[in-house]
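J.: Here it is, the structure, as structure tokens.
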Amino acid sequence: MFRRIFIAFACCFYLAQAAPTAVDKPTVLSNARQAQKLNLQFKSLKATDPCSAEAERACISRSIAVCKGGAWETARGRCSRSQGCFALPSITSVGTAVTCTTEENALALFSNTGAIGGIDG
């Protein structure tokens, strides 16, 4: 009986430790501004443009593109018809994420960070 309780407690403690935590408001706002800059850059990015950072992600024509061997690969990252590709601010760490979502969801996320100017500033 004691062993079962101990194991259950240990599992709960581990899960509580592994839960992501939110970052502070200034960091989230900084992440949002960085995501806005990326979205602005993505507007003019083409699949034929070279890339230099291996595994770097970008949005090209409603697809998540990945840099491989100096070229953008877009074949596997196509967003659904109801979604677009966006750089979004992380709310759990410093940085951004490139993902597919609806424009409404992206706008709401930027609005909630306090950033002005919408998706691309």
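Under mature numbering (1 follows the signal peptide of the UniProt record, and there is no 0), read the sequence shown as residues -18 to -1, 1 to 103, first letter to last. Beta carbons are placed, not taken as given, at the ideal position from N, Cα and C, and that holds for glycine.
Check whether the Cβ atoms of A97 and A14 sit closer than 7 Å, and answer yes or no.
T.: Result yes, Cβ atoms of A97 and A14 sit closer than 7 Å.
J.: Can you tell me which residues form a DSSP beta bridge with E55?
T.: DSSP lists V48 as partners of E55.
J.: Please list the terminal residues of the continuous alpha helix (DSSP H) segment that includes L70.
T.: L70 -> not in any alpha helix (DSSP H); beta strand (DSSP E) instead, spanning G66 to P71.
J.: Leaving aside the five residues before and after T9 along the sequence, list all residues of the same chain whose C-beta is less than 8 Å from its C-beta, in chain order.
T.: Same-chain partners within the cutoff: V76.
J.: Leaving out five residues on either side along the sequence, give the residues of the same chain with a beta carbon under 6 Å from the beta carbon of Q16.
T.: Excluding residues within five positions, the ones whose Cβ falls inside 6 Å are T78.
J.: In the DSSP output, which residue or residues are listed as bridge partners for V80?
T.: A69, per the DSSP bridge assignment.
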